[in-house]
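All remarks here apply to the structure that follows.
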Amino acid sequence: MTTYRELLQRTRAEINELDASAAQNLTDARWIDVREADEWQEGHLPGAVHVPRGYLESRIEAAAPDKSAPLVLYCAAGNRSAFAAKTLEELGYTAAYSLVGGFTDWKRNGLEIVMPRTLSPEKRTRYSRHILIPEIGEEGQLKLLDTSILLIGAGGLGSPAALYLAAAGIGRLGIVDADIVDETNLQRQIAHSLDTLGTPKVDSAKRAIERLNPDVDVVTYRERLTSENIDRILDEGWDLIVDGADNFPTRYLVNDASVWRGIPVVHGSIYRFEGQVTVFKPHDGPCYRCLFPEPPPPELAPSCSEGGVLGVLPGIVGSLQTNEAIKLAADIGEPLVGRLLLFDALATEFTEVKIERREDCPVCGTHPTITEYIDYVEFCAR
Ligand SMILES: [Zn+2]
Numbered sequence: 276m277t278t279y280r281e282l283l284q285r286t287r288a289e290i291n292e293l294d295a296s297a298a299q300n301l302t303d304a305r306w307i308d309v310r311e312a313d314e315w316q317e318g319h320l321p322g323a324v325h326v327p328r329g330y331l332e333s334r335i336e337a338a339a340p341d342k343s344a345p346l347v348l349y350c351a352a353g354n355r356s357a358f359a360a361k362t363l364e365e366l367g368y369t370a371a372y373s374l375v376g377g378f379t380d381w382k383r384n385g386l387e388i389v390m391p392r393t394l395s396p397e398k399r400t401r402y403s404r405h406i407l408i409p410e411i412g413e414e415g416q417l418k419l420l421d422t423s424i425l426l427i428g429a430g431g432l433g434s435p436a437a438l439y440l441a442a443a444g445i446g447r448l449g450i451v452d453a454d455i456v457d458e459t460n461l462q463r464q465i466a467h468s469l470d471t472l473g474t475p476k477v478d479s480a481k482r483a484i485e486r487l488n489p490d491v492d493v494v495t496y497r498e499r500l501t502s503e504n505i506d507r508i509l510d511e512g513w514d515l516i517v518d519g520a521d522n523f524p525t526r527y528l529v530n531d532a533s534v535w536r537g538i539p540v541v542h543g544s545i546y547r548f549e550g551q552v553t554v555f556k557p558h559d560g561p562c563y564r565c566l567f568p569e570p571p572p573p574e575l576a577p578s579c580s581e582g583g584v585l586g587v588l589p590g591i592v593g594s595l596q597t598n599e600a601i602k603l604a605a606d607i608g609e610p611l612v613g614r615l616l617l618f619d620a621l622a623t624e625f626t627e628v629k630i631e632r633r634e635d636c637p638v639c640g641t642h643p644t645i646t647e648y649i650d651y652v653e654f655c656a657r
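In my numbering, the protein residues as written are 276 to 657.
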């Protein structure tokens with residue numbers, strides 16, 4: 276029978292150990308903290324990635340994909356990290372080191388540590404289904420809570436976006452809309468209800484959000500976006516824009532402002548049974564004007580009064596926009612940059628079309644010809 280002490284001694288003899296100064300000299304090393312979550316919360320080494328010992332085998336490849344790159348593993352005293360180093364050796368890691376003395380010695384020697392921000396117990400409960408996903412976790416949830424998103428429109432697309440962004444814990448939501456809730460809205464605009472008929476949509480949406488999640492700070496703008504007010508609104512600091520506008524003058528204004536300010540826009544549009552979603556990330560991908568440099572001539576514009584839309588369609592498209600917004604906020608996944616996603620509700624078919632940035636784009640191209648806002652007059656084909 277082998278005792279714990281004997282096993283530890285044997286393991287330490289078989290692996291590579293480093294003390295703090297030798298480990299610090301190891302340039303480009305990735306630091307892995309193998310302690311438990313409560314230990315990590317009380318402080319960790321700068322730049323370290325948290326992979327608890329119990330999840331080491333299943334999560335290490337995501338945290339350290341290059342098996343030949345140096346890895347410094349640490350725990351509280353250097354024992355758990357010794358076993359962890361042994362495991363990584365067996366998984367084919369060729370430069371895994373265990374830090375002698377662990378976090379305790381590091382801290383005792385006065386070396387730098389980082390105190391992580393943490394969620395309150397209430398927030399940890401509310402967002403537990405996010406926190407359980409390794410790609411989001413507590414860190415990702417903190418990013419969402421730190422994010423400010425501006426919603427253009429509190430109608431069909433804005434409704435699901437407002438509710439899901441609020442539920443996800445986006446810390447600050449701005450809503451721009453000049454309209455009043457009427458009966459024809461209730462077929463699809465789920466943020467509103469009979470209780471709020473006749474009230475401004477921004478106030479109705481704010482009420483719905485506050486009933487759902489008091490963590491969200493809601494800022495309302497009961498106005499139509501124009502060249503006069505767009506800078507004032509954008510000056511209030513938005514990390515990204517979810518565009519649910521139903522008219523092209525607003526889309527062009529949002530586009531031009533977002534390119535000049537470098538704010539990503541999650542774009543969505545709907546018509547009858549068809550929806551479109553994409554992400555315009557300034558200078559990383561195309562913008563709206565790379566697709567449509569100018570508004571369509573009046574004879575090609577859709578009829579405003581006869582447009583019509585299947586009630587659930589904005590729910591689907593607005594939710595896809597929200598998915599993109601959450602990914603951008605948490606910095607995960609592959610955003611729909613340079614990809615236009617088309618949805619056909621009758622066939623239940625998604626089609627993806629590649630869209631390219633245009634050198635000659637009048638706003639984001641190499642020689643922009645549009646350098647100030649244009650208020651297009653909205654018109655409808657009869
Ligand atoms: Zn462009």
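Each residue gets a CB set at the ideal place from its N, CA and C atoms; glycine is no exception.
Assignment of D470 by DSSP, reduced to helix, strand and coil, places it in the helix class. The residue among L461, T474, S343 and A429 with its C-alpha nearest the C-alpha of D452 is A429. Relative to R310, the option among N488, G377 and A288 whose CA is nearest is G377. For V540, the shortest separation between its Cβ and any heavy atom of ligand 1 does not lie below 6 Å.
Beta-bridge partners of Q551 (DSSP): S544 and L617. Here E599 is buried. Its C-beta has 16 or more other C-beta atoms within 10 Å. The nearest non-hydrogen atom of ligand 1 is less than 6 Å from the C-beta of R564. Ligand 1 has a heavy atom closer than 6 Å to the beta-carbon of V638. Taking all protein chains in view, the Cβ of H558 is surrounded by fewer than 16 other Cβ atoms within 10 Å, so the residue is classified as exposed. In this chain, the beta strand (DSSP E) harbouring A371 covers A371 to L374.
Annotation: the continuous alpha helix (DSSP H) that includes S479 extends over K476 to L487. Pairwise C-beta distances place the stretch 584-593 out of contact with the stretch 630-649, as fewer than three of them are shorter than 8 Å. For K629, no alpha helix (DSSP H) encloses it; the enclosing beta strand (DSSP E) starts and ends at E624 to K629. DSSP places W381 inside the alpha helix (DSSP H), whose first and last residues are G377 to R383. For V534, there is no enclosing beta strand (DSSP E); the residue is part of the alpha helix (DSSP H) that begins and ends at F523 to R536. Only residues of its own chain outside the window of five on either side were considered, and among them Y372 have a CB closer than 6 Å to the CB of N291, listed in chain order. Close CB contacts of L487 within its chain, under the 7 Å cut and outside five residues either way in sequence, are with L438, A441 and A442 (chain order). Boundaries for I424: no alpha helix (DSSP H) harbours it, while the beta strand (DSSP E) harbouring it runs S423 to I427, taken from the DSSP string. Listed in chain order, the non-local C-beta contacts of H325 below 6 Å within the same chain comprise D308 and W315, local neighbours out to five positions each way being set aside. When the Cα atoms are used, A483 and M390 turn out to be separated by approximately 36 Å.
As a beta-bridge residue in DSSP terms, E292 pairs with S373. Nearest to E410 by alpha-carbon distance, out of F548, V652, I607 and P637, is I607.
Listed as beta-bridge partners of L320 by DSSP are no residues whatsoever.
When secondary structure is reduced to three states using DSSP, R328 falls in the helix class.
About 3 Å separates the beta carbons of G431 and P589, which is inside the 8 Å limit, making them a contact pair. Separation of E281 and R355 (C-alpha to C-alpha, rounded to the nearest whole angstrom) is 14 Å.
V638 is not a Cβ neighbour of V554, given a cutoff of 7 Å. Bridge pairing for I649: absent [DSSP]. When the alpha-carbon of S395 is set against those of N460, L417, A605 and S423, the nearest one is in L417.
With a threshold of 16 other beta carbon atoms within 10 Å, P340 falls short and is exposed. Following the DSSP letters along the chain, one finds G449 inside the beta strand (DSSP E) bounded by residues R447 to V451.
Boundaries of the alpha helix (DSSP H) around L566: Y563 to L566. As DSSP reads the structure, D514 sits in no beta bridge.
For L348, the enclosing beta strand (DSSP E) starts and ends at L346 to Y349. Between the stretch 393-407 and the stretch 461-481, the count of Cβ pairs shorter than 8 Å is below three; the stretches do not touch.
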